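Student: Each protein sequence line maps, in turn, to chains A and B.
In the working numbering, each residue carries its 1-based index in the first sequence increased by 680.
In the working numbering, each residue carries its 1-based index in the second sequence increased by 680.
Note that beta-carbon positions come from the ideal geometry of N, C-alpha and C, so glycine has one too.
Since the model is a prediction, treat every value here as computed from it, not as a measurement.
2 protein chains.
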Amino acid sequence: MAKQNIINRTLGVNFNNDKFATVNVWAPDATEVTLQTGNAHLTLIKQERGYWALDTDKIKAGDTYWFKVDGKQLPDPASLLQPEGVHGPSEAVDLKSFNWTDQQWKNPLLADYIIYELHTGTFSAEGNFKGIEEKLDYLIDLGITAIEIMPVSQFPGDRNWGYDGVFPFATQNSYGGPQGMQQLVNACHNKGLAVILDVVYNHLGPEGNYFGRFGPYFTDKYHTPWGAAINFDDAGCDEVRRYFIENVLMWLRDFHIDALRMDAVHAIRDFSPVHILQEITEHVAQLAQQSGKTHYLIAECDLNDARYINPVQKGGYGFDAQWIDEFHHALRVAAGGERNGYYTDFNGIADLANAYQNGYVYHGQYSEQRQKTFGTKTDGINGRQFVVFSQNHDQVGNRMLGERSSQLFSFGMQKLMAGAVMISPFLPMLFMGEEWSETNPFQFFVSHTDKKLIEAVRKGRKAEFADFHAEGEAPDPQAVSTFENSKLNWALPHQGQHLLMLNYYKTLISLKKQQPAFKKTDRNNMSVKVDEAAQTIIIQRWTDEQRVLCLLNFSKKDQELNIGGNNNQPWQKLFDSAEPKWNGPVASP
Amino acid sequence: MAKQNIINRTLGVNFNNDKFATVNVWAPDATEVTLQTGNAHLTLIKQERGYWALDTDKIKAGDTYWFKVDGKQLPDPASLLQPEGVHGPSEAVDLKSFNWTDQQWKNPLLADYIIYELHTGTFSAEGNFKGIEEKLDYLIDLGITAIEIMPVSQFPGDRNWGYDGVFPFATQNSYGGPQGMQQLVNACHNKGLAVILDVVYNHLGPEGNYFGRFGPYFTDKYHTPWGAAINFDDAGCDEVRRYFIENVLMWLRDFHIDALRMDAVHAIRDFSPVHILQEITEHVAQLAQQSGKTHYLIAECDLNDARYINPVQKGGYGFDAQWIDEFHHALRVAAGGERNGYYTDFNGIADLANAYQNGYVYHGQYSEQRQKTFGTKTDGINGRQFVVFSQNHDQVGNRMLGERSSQLFSFGMQKLMAGAVMISPFLPMLFMGEEWSETNPFQFFVSHTDKKLIEAVRKGRKAEFADFHAEGEAPDPQAVSTFENSKLNWALPHQGQHLLMLNYYKTLISLKKQQPAFKKTDRNNMSVKVDEAAQTIIIQRWTDEQRVLCLLNFSKKDQELNIGGNNNQPWQKLFDSAEPKWNGPVASP
């Protein structure tokens, strides 16, 4: 692969410091490529390895343009903005023109991340970056330290979770475009919040996907559940790899993003000697060296394979952390949630204890669900490398009706689940609204324009939940109401139990941040004792200066637990979710 | 995965020391499994993980048997012998009954392997293991130290290269079956020859393939060019992995095979945390520890990825060596062979020099043929880890007419190519008959019985060579004559130039074995100087005691080369292929 430019974006239309444009597009099989902007038709010059390029003063920031590849008019695969959506022209953007004021910002230690996952379209009434910005003080007050924004790459229409994005470099126009994104990150940094961006490198969405017209971005060597697999190891892959590495670098460098959450990396198939994820890690390390800034890479991965988060020197891909869905599954079953589908592999409280101890519940046992031995050991992996949660967009939204925990569990159980996440040695993540026990659902919604695709999505969604139809109809993903119903209700956190839950979360978060034994992410200084009959777990965590004891009662009744201790150093109660102030039955002694 | 039994075969029908049979077959979705032998119908008892088992005295070695899976009569997937071919019953074999007399045998150092690849059916007039045994003295006299036998697992009919095998545990009945194989290995060892067996774990053949009736041996997650991919990482893979690991262990333990050559491991797709090849390596290491014997694993791999031969501690799969087709390609182009197909990536003499230096010609450069950057560095890899050749079954047989070098290159060039292989720091391999410049071709042949399959193979073969039809018809792979024409002509090595070539090879091999600088496989003690204009390469190799200088002239004319040296230690001529005794034009000074 040609040496990657770490300092500058090189694909699409970019401006140098004199506002002179450099145009560069990969179209290896084309015989003619032109750029059309206004009345200008600029012929690009063929370069090595299938690139077409031009330096020109004929295009300025704010101009719209098309590429014409062998006569076919197409938007730019590296477009930064699609002002008229996925089928329209691209707009030239000067990423360097934003006036950053976050020079004082320093990315916190990963161990200090308390993550808040949000979806731009449904987080606020406005449904855009401005809407998020207006809530930053609220989030600071809640105590979180990092927001995680679901994917913002341009998708069809203005309602989508973000995983149907088809312009990895373009920030969704209806959210506020690239400048809106820069503005949001700048505001976050100035308020002391880190920003994690969710990016999707395992597939591209089905509508507005013009990549095949440019080059072999896809391969049929592998499948993904969501469409053609990205070509990371087949003919032409050098340039595809470059494209995605450049995408990573752009977000971190030009948008000041602190960390990327990479969607479903288990669906990124790559038999190259150096896996694309490792190559990404290595380039991010180069960027960090050059900029002096710290960035984190967090993988969503369901392979329970420590290789993804092991350092490169140990044969790993070098990601900083990964999501642990299995902690969620074990917690949910322990809480009395249903046990169908992938939950069948989880036995509840014993597996929750297992998750506290190993991160991966399956770390080498036979999985009935997967019908194979599954997972690696996690010895030596720090707790900060595992992101845990009691809810997230998938676990909520992939239910037929998108019910949050508030609709499925008692108030008491919701409190217990929140506590279970917060006392772990892992990185805690909240899903927007869980902190006030939001009652609105988070459902699956799209706003495609392709009628066949709309029908296919509708049918797919119905088929997925065929067994549940007795319990109601799957909401129509294309309906505006499905989207609107999924918005947070910002009136709730001021009311009754919702306000109480909000204060409960604030208190928990503050404990997590202030108590040395909770702040630590060392997994060695922890003991986990499970009593399956009683449905209780006793967790101890300690540092040199402090030892905390956490009693988790998943049963429906009050219980007495022998917690040992001695008279010289009696236990002191830090927090008690059963107290009447938290709407509990009665305070423990 | 359940702990693998290292000491005993556990699948199929096996006999303990009291000749009592243990029957075990994996059929996870079956509701009833019986074993039928003679008039006995024995019901197997369901075990954990989909196995069905029985201990019985109702079946003896030599009895034929079927499994009946939910009423369907099928041969045993772990059959050791198919006396009536792939569609017939299996025969119970007591592998422990063979009377081994090779207790004194010790597998040589890998660096001392001089390999002779042969195909059992066409090597001798008899076309079986006995036929090989009768030639062992010839092979010893030639100087080779290891024979490499193309796959012997049961295939349809009695004419096949072996890559259509469908019973990985069954030794081809027409070759002499398992006892014939044991007899051959025993004879080899008693004569001082190591035995490498070619095994195929990337697919199973198209005819007689009953695996799907037993369990999920295949996955549609990946493709291979030859049929369904083996399921090494999908649901049910634990038992498939066990099956192939047991196959490896059986050949090494029960057949005393010294090394396995594993076919096209690049087509073994496995995203498990521990790759099946690494798991195989680890089990072979366990076997070696238990038996005190040494075994080698040699991969055929076209990925130029050192991971396959790096040790496990360095993140590799731990294979001992791999084939280097690129040495062949570079050599062939340097020799003036055609440059179409995969040869387009090779420029001749400069790439040959490159191969001497790096093993992989492509070790990180852009490959036009593959359209991507290709290959890893090979620093630190010993020369004994690369197997090189100027011909092999594929390079000969995958030509439309199966011509050997004798039909394509001058006598002089054949000699040069032989020398080029033998002076390398790598493991040399000959393809049967090349040592006497055999003139018969080695063509592609099959003996399927499925008419549709026969037609498909015929058509596929014709299509593959569509561009070459002007130069003649592709031989019919199903015709007996194609097979017969591919047999070695053992009259030749006694005649004229053929005898001379044989003696030439003997002399070369003896130099390789006796000269310290040639014996060594250290790649550091070597210099390679290429002159593209003159089409010459000068190679120096040395040890503390000796320095040898090799002059390779790929041009059509005599050339003078300045070889330096000084008067105190003048060069002494060891060998000169241009001498009249080798039918050369004139001896060098």
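Just curious, the alpha helix (DSSP H) that W931(A) is in, first and last residue?
Tutor: On the first sequence, position 251 is the one that residue 931(A) refers to. From DSSP, the alpha helix (DSSP H) with W931(A) extends over C917 to D934.
Student: For L760(A), count the other beta carbons within 10 Å of its own beta carbon; 16 or more makes it buried, fewer makes it exposed. Which is it?
Tutor: By 1-based counting over the first sequence, the position of residue 760(A) is 80. When all chains shown are included, L760(A) counts as buried.
Student: Quickly, what does DSSP pair F1066(A) with across the bridge? List them, please.
Tutor: Position 386 of the first sequence holds residue 1066(A). According to DSSP, which records beta bridges pairwise, F1066(A) is partnered with Q1002(A).
Student: Could you please give the first and the last residue of the uninterrupted beta strand (DSSP E) stretch that includes M1080(A)?
Tutor: Reading the first sequence from its first residue, position 400 is the one you call residue 1080(A). Here M1080(A) belongs to no beta strand (DSSP E), and DSSP marks it neither H nor E.
Student: For chain A, is any of its Cβ atoms less than 9 Å away from the one on C917(B)?
Tutor: Position 237 of the second sequence, counted from the first residue, corresponds to residue 917(B). Closer than 9 Å: yes.
Student: Any idea if P1336(B) is buried or exposed, counting beta-carbon neighbours within 10 angstroms, 16 or more meaning buried?
Tutor: Since the first and last residues shown for chain B are 681 and 1269, residue 1336(B) lies out of range.
Student: Counting contacts by CB-CB distance shorter than 9 Å, is F1091(A) in contact with chain B?
Tutor: By 1-based counting over the first sequence, the position of residue 1091(A) is 411. It does not; no Cβ of chain B falls within 9 Å.
Student: Quick one: is T1279(A) buried, meaning 16 or more other Cβ sit within 10 Å of its Cβ, or exposed?
Tutor: Examination of residue 1279(A) is not possible in this model, given that chain A is present from 681 through 1269 alone.
Student: Buried or exposed: which applies to P836(B), given that a residue is buried once 16 or more other Cβ atoms fall within 10 Å of its Cβ?
Tutor: Your numbering for residue 836(B) matches position 156 in the second sequence. Answer is buried; the Cβ neighbour count reaches 16.
Student: So if I threshold CB-CB distances at 9 Å, which residues from the stretch 1000 to 1014 of chain B count as touching chain A?
Tutor: Those residues of the stretch 1000 to 1014 of chain B that come within reach of chain A (Cβ to Cβ, closer than 9 Å) do not exist; the list is empty.
Student: Can you give the Cα-Cα distance for Q1051(A) and T1024(A), rounded to whole angstroms?
Tutor: Indexing the first sequence from 1 puts residue 1051(A) at position 371. Indexing the first sequence from 1 puts residue 1024(A) at position 344. Q1051(A) and T1024(A): Cα-Cα distance of roughly 12 Å.
Student: Quick test of your reading: A1015(A) and M1097(A), contact by CB under 8 Å. State the CB separation rounded to the nearest angstrom.
Tutor: Stepping through the first sequence from its first residue, residue 1015(A) is reached at position 335. Stepping through the first sequence from its first residue, residue 1097(A) is reached at position 417. 6 Å between Cβ atoms; contact.
Student: Could one say the Cβ of G1055(B) lies closer than 9 Å to chain A's Cβ atoms, at least one of them?
Tutor: Counted from its first residue, the second sequence places residue 1055(B) at position 375. Yes, contact with chain A.
Student: Between the Cα of A733(A) and those of A1197(A), A701(A) and D743(A), spot the shortest distance and give me the residue it belongs to.
Tutor: Indexing the first sequence from 1 puts residue 733(A) at position 53. When only C-alpha atoms are compared, the closest one is A701(A).
Student: Per DSSP, D737(B) is paired with what?
Tutor: Walking along the second sequence from the start, residue 737(B) turns up at place 57. Beta-bridge pairing links D737(B) to no other residue.
Student: In terms of alpha-carbon separation, which member of D821(B), K815(B), C1230(B) and Y1184(B) lies closest to K1095(B)?
Tutor: One-based indexing of the second sequence puts residue 1095(B) at position 415. Considering only alpha carbons, the answer is Y1184(B).
Student: Anyone know if the C-beta pair for S1070(B) and H1008(B) falls short of 9 Å?
Tutor: In the second sequence, the residue the question calls residue 1070(B) occupies position 390. In the second sequence, the residue the question calls residue 1008(B) occupies position 328. Yes. Within cutoff.
Student: Tell me, please, whether the CB atom of I691(A) is closer than 9 Å to any CB atom in chain B?
Tutor: In the first sequence, residue 691(A) corresponds to position 11, counting from 1. Note that residue 691(A) is Leu in the sequence shown, not Ile. Not one chain B Cβ lies under 9 Å of L691(A).
Student: Could you tell me the boundaries of the alpha helix (DSSP H) in which Y1184(A) lies?
Tutor: Stepping through the first sequence from its first residue, residue 1184(A) is reached at position 504. G1176 to Q1194 is the extent of the alpha helix (DSSP H) around Y1184(A).
Student: Ignoring anything shorter than 4 residues or poking outside the stretch 874 to 902 of chain B, list the alpha helix (DSSP H) runs there in chain order.
Tutor: Listed in chain order, there is nothing to give.
Student: Check whether the Cβ atoms of T974(B) and D918(B) sit closer than 9 Å, and answer yes or no.
Tutor: Mapped onto the second sequence, residue 974(B) falls at position 294. Mapped onto the second sequence, residue 918(B) falls at position 238. No, they are not a contact pair.
Student: What does R1050(A) touch in chain B if you count any residue whose Cβ is under 8 Å from its own?
Tutor: On the first sequence, position 370 is the one that residue 1050(A) refers to. By Cβ distance, chain B contributes A915.
Student: How many Å lie between N1020(A) and G1044(B) at the Cα?
Tutor: Your numbering for residue 1020(A) matches position 340 in the first sequence. Your numbering for residue 1044(B) matches position 364 in the second sequence. The straight-line gap from Cα to Cα measures roughly 48 Å.
Student: Within a Cβ cutoff of 8 Å, which residues of the same chain sit near Y988(B), ignoring the five residues on either side of it in sequence?
Tutor: By one-based count along the second sequence, residue 988(B) stands at place 308. Once the five neighbours on either side are set aside, the close Cβ partners of Y988(B) are V945, L957, A979, C981, G996, Y997, F999 and Q1002.
Student: Considering only the beta carbon of each residue, do G888(B) and P755(B) sit closer than 9 Å?
Tutor: Locating residue 888(B) in the second sequence gives position 208, counting from the first residue. Locating residue 755(B) in the second sequence gives position 75, counting from the first residue. Yes, these two residues count as a Cβ contact at 9 Å.
Student: Within 10 angstroms of the Cβ of N685(B), are there 16 or more other Cβ atoms? Answer buried if so, exposed if not.
Tutor: Against the second sequence, residue 685(B) aligns to sequence position 5. Exposed: under 16 other Cβ atoms inside 10 Å.
Student: Give a yes or no on whether the C-beta atoms belonging to H1174(B) and S1117(B) are separated by under 9 Å.
Tutor: As a first step, residue 1174(B) must be located in the second sequence, where it is residue number 494. As a first step, residue 1117(B) must be located in the second sequence, where it is residue number 437. Going by C-beta atoms, H1174(B) is not nearer than 9 Å to S1117(B).
Student: Going by the CB atoms, is the gap between L816(B) and A867(B) shorter than 9 Å?
Tutor: Counted from its first residue, the second sequence places residue 867(B) at position 187. Counted from its first residue, the second sequence places residue 816(B) at position 136. Yes, Cβ-Cβ distance for A867(B) and L816(B) is below 9 Å.
Student: At a cut of 8 Å, does the stretch 873 to 886 of chain A reach the stretch 901 to 909 of chain A through at least three beta carbon pairs?
Tutor: A contact exists between the stretch 873 to 886 of chain A and the stretch 901 to 909 of chain A.
Student: Considering only residues of the same chain and omitting the five flanking positions on each side of T825(A), which have a CB-CB separation below 7 Å?
Tutor: Working through the first sequence from its first residue, we reach residue 825(A) at position 145. Excluding positions up to five away in sequence, the list reads P788, D792, Y793, I794, L873 and A874.
Student: If you measure from the beta carbon of A986(B) to each beta carbon in chain A, is any gap under 9 Å?
Tutor: Within the second sequence, residue 986(B) is the residue found at index 306, counting from 1. Yes, its Cβ sits closer than 9 Å to a Cβ of chain A.
Student: Reducing DSSP to helix, strand and coil, say where Y843(A) ends up.
Tutor: Indexing the first sequence from 1 puts residue 843(A) at position 163. If DSSP states are grouped into helix, strand and coil, Y843(A) belongs with coil.
Student: Applying the criterion that 16 or more other CB atoms from any shown protein chain within 10 Å of the CB defines a buried residue, is E813(B) buried or exposed?
Tutor: Counting from one through the second sequence, the residue named residue 813(B) turns up at place 133. Answer is buried; the Cβ neighbour count reaches 16.
Student: Could you round the C-beta distance between R1064(A) and L1107(A) to whole angstroms and report it? I think they count as a contact, below 8 Å.
Tutor: In the first sequence, counting from the first residue as 1, residue 1064(A) sits at position 384. In the first sequence, counting from the first residue as 1, residue 1107(A) sits at position 427. Contact holds; Cβ gap of about 6 Å.
Student: Please report the distance separating the alpha-carbon of A968(B) from that of P991(B).
Tutor: On the second sequence, residue 968(B) is found 288 positions in, with the first residue counted as 1. On the second sequence, residue 991(B) is found 311 positions in, with the first residue counted as 1. Looking at the two C-alpha atoms, the distance is approximately 16 Å.
Student: As a quick exercise: from N808(B), S952(B) and Y843(B), pick the residue whose alpha carbon is nearest that of H1073(B).
Tutor: Mapped onto the second sequence, residue 1073(B) falls at position 393. Closest by alpha carbon: Y843(B).
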